[in-house]
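K.L.:
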Amino acid sequence: WGVLLVVLGLREMAAAPCPRPCICDNLCSHVLCLNGNLTAIPDTIPQLTKKLDLRDNSFTVIPVGTFLETPYLTHLDLQRCKVERLEEGAFRGLGRLVHLNLASNDIAVLYQESLDGLLSLQQLILEGNRIEEIQPGAFSRLGSLTLLDLRANALVYLPDMVFQGLQVLRWLRLSHNALHVLASEAFAALPTLRRLSLDHNELQALPSEALARLDGATRLDLGHNPITYVAEEALAMASLKHLFLDHASLQDVAPDAFARSPQLRTLDLRENQLRGLPPLDGAGELSKVSLAGNPLLCSCLLRPFHDWVARARIETEGSCTAPPALRGRPLDSLRPPEMRCGRPRLSPHPTMPSEQMMTASSGQCPRRCICSREFHHGSCENRDLREIPQGFPGDTHLLDLRQNAFGTVPPGSFPGLKELVSLHLQSCGIKELQPGALRGLGNLVYLYLTDNHLSTLAPAFFEGAPRLAYLDLDHNAFTHLPAGTFHLLPNLISLHLQYNAIGELAEGDLAGARRLRWLYLGGNAIGRIAPAALASTKMLEKLHLEGNRLVEVPTSALQGLPALIELKLSQNPIKYIGDSAFLPVASSLQHLYLDNMGLERISRGAFAGLGPTIKSLYLESNKMSNIPDMSNFTGLEIFNLRDVPFHCDCQLLPLRRWIDKLNLHTGATCKSPAEAQGLKVKLSTTFQTCPGWGRSEAGEASPDKTKAARKPSKKKRSRKAPAPGFKKSRA
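In case it helps, mature numbering (1 follows the signal peptide of the UniProt record, and there is no 0) puts the sequence shown at residues -15 to -1, 1 to 716.
1) DSSP three-state label for residue 637, please.
2) Just list the beta strand (DSSP E) runs in the segment 192 to 254, keeping only unbroken ones of 3 residues or longer that don't cross its boundaries, in chain order.
3) Once DSSP output is grouped into helix, strand and coil, what is the label at residue 294?
4) Rounded to a whole number of angstroms, what is the C-alpha to C-alpha distance between residue 143 and residue 11?
5) Under 7 angstroms between the Cβ atoms of residue 303 and residue 281?
6) Three Cβ pairs or more, each shorter than 8 angstroms: is that satisfied between the segment 480 to 493 and the segment 443 to 453?
7) Check whether the segment 104 to 112 and the segment 458 to 470 are in contact - that is, three or more C-beta pairs closer than 8 angstroms.
8) My output table needs one value for residue 593: the three-state DSSP class, helix, strand or coil.
9) Could you check whether the segment 409 to 417 touches the segment 381 to 395, counting it as contact only if at least three pairs of C-beta atoms, one from each stretch, sit closer than 8 angstroms?
10) Tell me which residue opens and which closes the beta strand (DSSP E) that residue 624 is part of.
11) Going residue by residue through the segment 402 to 486, where are the continuous beta strand (DSSP E) segments of at least 3 residues, counting only ones entirely within it?
12) Could you check if residue 650 is buried or exposed, using at least 16 other CB atoms within 10 Å of its CB as the buried criterion?
13) Please state if the CB of residue 552 and the CB of residue 522 are separated by a distance shorter than 7 angstroms.
14) Given a threshold of 16 other Cβ atoms within 10 Å of its Cβ, counted over all protein chains shown, does residue 177 qualify as buried or as exposed?
15) For residue 406, which residues from the same chain have a beta carbon less than 8 angstroms from its beta carbon, with the 5 sequence-adjacent residues on both sides left out?
16) Output needed for residue 619: all residues of its chain with C-beta closer than 6 angstroms, excluding positions within five of it in sequence on either side, in chain order.
17) For residue 50, tell me which candidate among 99, 59 and 33 has the shortest Cα-Cα distance.
18) Go to residue 307, then tell me how far its beta strand (DSSP E) extends in each direction, as first and last residue.
19) What does the alpha-carbon distance come out to for the pair residue 3 and residue 30?
20) What residue does the beta strand (DSSP E) around residue 302 start on, and which one ends it?
21) Within its chain, find whatever has a CB closer than 8 angstroms to the CB of residue 361; leave out the 5 residues flanking it on each side and keep chain order.
22) Checking the sheet assignment: what are the DSSP bridge partners for residue 718?
23) Please return the same chain residues whose Cβ sits closer than 8 angstroms to the Cβ of residue 545, not counting the five positions on each side in sequence.
24) In whole angstroms, what is the alpha-carbon distance linking residue 466 and residue 622?
25) Fully enclosed by the segment 102 to 152, which beta strand (DSSP E) runs are 3 residues long or longer?
26) Residue 74 and residue 101 - do their beta-carbons sit closer together than 7 angstroms?
27) Can you tell me where the beta strand (DSSP E) holding residue 61 begins and where it ends?
28) Taking the DSSP output, what are the residues bridged to residue 501?
29) Go through its chain and collect everything with a Cβ distance to residue 588's Cβ below 6 angstroms, but skip five positions before and after it.
30) Hey, how far is the Cα of residue 81 from the Cα of residue 248?
31) By the three-class DSSP mapping on this structure, what secondary structure does residue 523 have?
32) If you drop the 5 nearest sequence neighbours on each side, which residues of the same chain put their C-beta closer than 7 angstroms to that of residue 513?
33) So, at 8 angstroms on beta carbons, what are the nonlocal neighbours of residue 179 in its own chain, with the 5 sequence-adjacent residues on each side left out?
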């Protein structure tokens, strides 16, 4: 029967008319509709077609159910088809498809069900679109995918679990985006990933937390990012073998930077700003380090590294820039006596060799400023400038104007800087930002206005900067949020307003901030948050309200925040937490800060709804003597109870047992009764009088057995007795 059906199907395909602009190869079940100026996908494509090539047409939208009549497709090519939108369910019915190419289109958003129905898909190519948002669950039905190509899009931020569902993914390509921050759980759902490409982005620091989730990854590409420093134990990837950090902005690497990546074999640090490198602790498997293109100073300071690579027989690439006598010499040709410490002449800028610099004398950089041709950076930091300089190279990506005395930022302050991504205006005495000041900065992502004298903000100031995602306004003089501003910032992700004088959050203050994920309001004077104040920020993940004047948990304002992960209420004068205080965010909350508040009492139902999702809870430096039942908090990793005056009686026994069971280090100590004062809760003997103390629980012995175990024999006692004249230590 199976053979008969195939024969009948082939006859039907042969008899079916080929769509007019297409070419049908019935023998190979292959249909080509190239360069046909089609505006809709033909509905007469033969049913048994396996390969469908639709490149260079004009579809704009792929509607629901478009391919229901071609269920045998295995390969579908939609490159350069001007596709702007994939409707939810567009590919339903393509259960046999293994390769889908959507490269070089105009897709901006991947919706939750845009890729439904692709159960067998192995390769998904989305390179060269303008994707700026991936909605939760967009990849959840792609359980067979091994390659996901998202290169050359407009991604700025990756939220937690964005790749959930990709259980067999091997290679994730995220090169040539504008990624700046990766959420700590961004890669948490990728158990089989072996290669991650993050090169050519805007990462200014190694995304350590996010990368730590990739236990099986063996290759990591991070080149062409403005990373300046690799900190201690910055990379914890147990299986990593090949790391590429070339063409970044590295100036220093900590000795134990890779100590938690013990399998590392090749380290590519070409074309950075490194003057040297220390011996790398813990990198016992390293076989090759490339330092070519760095301004290496081959003095005695580099000798420990030179000796280390020689002992470990590590291949090195790179040559000396200084001192003059060793300029051009390969590292592996040096002998230790040649590496002496003198006073070599350094480049005009400590991190930029002179051949990579441009100054006013070259006519390509404003007077008193420095421009880096190699890294597309411009700097006029701390030059006592009174007006914003102009004339920077048109390909400048980062402009640092900190610590000057501008006072105001007038319209058209940054002409010709269409490629500018990051603008630093901290500590410039700015009192006024005039409308149109950012005109022409269509690629601006980061704007730093920290430590100025701003008290108001005209919405029109942001005209011309629609991609702005990170806005720092902390340490200014705002008394309220700049309402009306955020409609012009549709891509705003992070807003810093710490240490201003904001007194309340009113309804409508954040209108328009629909993509805001991180809101920092610590160190203000906020005493009230209107119930609907946060209604526009449904994607909010972090809310920091520490150091304000709140007297109660703003429960009603937390309604409608389904993605909130972190809530910080530290250092507010909240004395009592009532029932269901955190219920609106109970399903998503992972980190809760309630420390240093003078908190006196927590109701039994205060933590209703909270449970296994909570990873950290901070309650230190408060005044309550007990806390409610915590048995549902089975996922806690951090639980801080230092400086809480616990009364270690039988009411606290469930807490003590629960701490033992989870093996948590809480720092909790007893304040009373007198015989337990100062002892850790886990060590207090006052619980031994409680009913049920002898019950075997979490490996705990009964009282009688405990006493027997603790009673030493006479022989032991005599051997352990302290020498005459010495008191036994209480440690």
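Where a beta carbon is used, it is the ideal one built from N, C-alpha and C, also for glycine.
P.N.:
Reading off the structure:
1) Working through the sequence shown from its first residue, we reach residue 637 at position 652. Of the three classes helix, strand and coil, the one that applies to residue 637 here is helix, per DSSP.
2) Counting only runs of 3 or more, we get 204 to 206, 227 to 229 and 251 to 253.
3) For the purposes of this step, residue 294 is taken as residue 309 along the sequence shown, with counting starting at 1. Helix at residue 294.
4) Within the sequence shown, the letter at position 158 stands for residue 143. Within the sequence shown, the letter at position 26 stands for residue 11. Their Cα atoms are separated by approximately 44 angstroms.
5) In the sequence shown, counting from the first residue as 1, residue 303 sits at position 318. In the sequence shown, counting from the first residue as 1, residue 281 sits at position 296. Their beta carbons are under 7 angstroms apart, which means residue 303 touches residue 281 by this criterion.
6) No contact exists between the segment 480 to 493 and the segment 443 to 453.
7) No, they do not touch.
8) Translated into the one-based positions of the sequence shown, residue 593 becomes position 608. Residue state, collapsed to three classes: coil.
9) Touching, per the Cβ criterion.
10) To locate residue 624, count along the sequence shown from 1; it is residue 639. Looking at the DSSP string, the run of the beta strand (DSSP E) that includes residue 624 is 623 to 625.
11) Here the runs fully enclosed are 407 to 409, 431 to 433, 455 to 457 and 479 to 481.
12) Position 665 of the sequence shown, counted from the first residue, corresponds to residue 650. It counts as exposed.
13) Here residue 522 refers to the residue found at position 537 when the sequence shown is read from its first residue. Here residue 552 refers to the residue found at position 567 when the sequence shown is read from its first residue. Not a contact, by the Cβ cut-off of 7 angstroms.
14) As a working note, residue 177 is residue 192 in the sequence shown. So residue 177 counts as exposed.
15) As a working note, residue 406 is residue 421 in the sequence shown. Excluding its 5 nearest sequence neighbours in each direction, residue 406 has C-beta neighbours in its own chain below 8 angstroms: 163, 187, 382, 383, 428, 429, 430 and 431, listed in chain order.
16) Position 634 of the sequence shown holds residue 619. Setting aside the 5 residues that flank it on each side, residue 619 is surrounded in the same chain by 597, each with a C-beta closer than 6 angstroms to its C-beta; the list follows chain order.
17) Residue numbering aside, residue 50 sits at position 65 when the sequence shown is read from its first letter. Residue 50 has its Cα closest to that of 99, out of 99, 59 and 33.
18) For the purposes of this step, residue 307 is identified with residue 322 of the sequence shown, where counting begins at 1. Its beta strand (DSSP E) spans residues 305 to 307.
19) Here residue 3 refers to the residue found at position 18 of the sequence shown. Here residue 30 refers to the residue found at position 45 of the sequence shown. So the alpha carbons of these two residues sit roughly 7 angstroms apart.
20) As a position in the sequence shown, residue 302 is number 317, starting the count at 1. Residue 302 -> beta strand (DSSP E) spans 300 to 302.
21) Translated into positions along the sequence shown, residue 361 becomes position 376. Closer than 8 angstroms at the Cβ level, and outside the excluded window around residue 361, lie 378, 380, 381, 382, 383 and 404.
22) In the structure as shown, the chain starts at -15 and stops at 716, and residue 718 therefore has no counterpart that could be examined.
23) Position 560 of the sequence shown holds residue 545. So the list reads 519, 520, 523 and 569, once near-sequence residues are dropped.
24) Along the sequence shown, one-based indexing puts residue 466 at 481. Along the sequence shown, one-based indexing puts residue 622 at 637. Distance from the CA atom of residue 466 to the CA atom of residue 622, rounded to whole angstroms, is 35 angstroms.
25) Taken in chain order, the whole beta strand (DSSP E) runs of length 3 or more contained in the segment 102 to 152 are 108 to 110 and 132 to 134.
26) The residue given as residue 101 occupies position 116 in the sequence shown. The residue given as residue 74 occupies position 89 in the sequence shown. With respect to residue 74, residue 101 sits close: the two C-beta atoms are nearer than 7 angstroms.
27) Here residue 61 corresponds to residue number 76 of the sequence shown, with the count starting at 1. Residue range 60 to 62 is occupied by the beta strand (DSSP E) that includes residue 61.
28) Against the sequence shown, residue 501 aligns to sequence position 516. The partner list for residue 501 (beta bridge, DSSP) is empty, contrary to what the question assumes.
29) As a first step, residue 588 must be located in the sequence shown, where it is residue number 603. Excluding sequence neighbours, residue 588 sits near 563 and 564.
30) Against the sequence shown, residue 81 aligns to sequence position 96. Against the sequence shown, residue 248 aligns to sequence position 263. Approximately 38 angstroms, taken between the alpha carbons.
31) Position 538 of the sequence shown holds residue 523. Coil at residue 523, not helix or strand.
32) Stepping through the sequence shown from its first residue, residue 513 is reached at position 528. Counting only residues of its own chain and dropping the five nearest sequence neighbours on each side, residue 513 has a CB closer than 7 angstroms to the CB of 489.
33) Stepping through the sequence shown from its first residue, residue 179 is reached at position 194. Within the same chain, residue 179 has close Cβ partners 155, 156, 201, 202, 203 and 204.
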